[in-house]
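Step one of this worksheet: look at the structure below.
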Amino acid sequence: MNAGLEGGAAAPSSEQALSRPPLRFVSAASLFDGHDAAINMIRRLLQARGAEVVHLGHNRSVADIVRAAIDEDADAVAVSSYQGGHNEYFAYMVDMLRERGCGHIRVVVGGGGTIAPQEIEALERHGVEKIYTPEDGRRMGLAGMIE
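Following numbering that gives the first Met the number 0, the residues of the sequence shown are numbered contiguously, the last one being 146.
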């Protein structure tokens, strides 16, 4: 996901790309959420671009995702939430990662049309790296969102 995980630098040469390990993601749909089509597409696109992805599926708690991210030495988590409760859920995820000394693990999320613009600003201030919206998908396309 285009969340600055590469530091905004130009694409690496093939030699550089071979010398560094692939990015590692944990992906999931949030607790009480069975809407996993979007996160499954993102997961497949990340994998097609060489990222390692541990996919937890749908209906996953913050504790499940944080535990997996730490256990898998992930660079980032990618989570979708279409059920509401996203402000508390994503803020709690950032807080739990920080409490466990893993604030370096980036949190990138999407939520269809359920996350309002003012909520996006608040979540980003709290430490969520990026919140993707339907407009991002229309403007950038799925492939553009992960590059």
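Glycine residues also receive a C-beta, built at the ideal position from the N, C-alpha and C atoms.
Residues near L91 by beta carbon distance below 7 angstroms, same chain, minus five either side: For clarity, residue 91 is Tyr in the given sequence; the question names Leu instead. Here the set comprises V61.
Below 8 angstroms on the Cβ atoms is my guess for Y81 versus H34; work out the distance and round it to an integer in Å. 4 angstroms between Cβ atoms; contact.
Going by the beta-carbon positions, is the gap between S79 and G110 smaller than 9 angstroms? In this structure, G110 lies closer than 9 angstroms to S79 by Cβ.
Per DSSP, the bridge partner or partners of G109: Residue pairing for G109: DSSP places it in a beta bridge opposite S79 and Y131.
For A67, the first and last residue of its enclosing alpha helix (DSSP H): Secondary structure note for A67: its alpha helix (DSSP H) is the uninterrupted segment V61 to D70.
Taking the beta carbon of A73 as the centre, do at least 16 other beta carbons fall within 10 Å, making it buried, or is it exposed? Flag for A73 reads buried.
Taking only three categories from DSSP, how would you classify E146? Coil, per DSSP.
Run through the DSSP bridge pairs and tell me what H54 is partnered with. Under DSSP, H54 takes part in a beta bridge, and its partners are S26.
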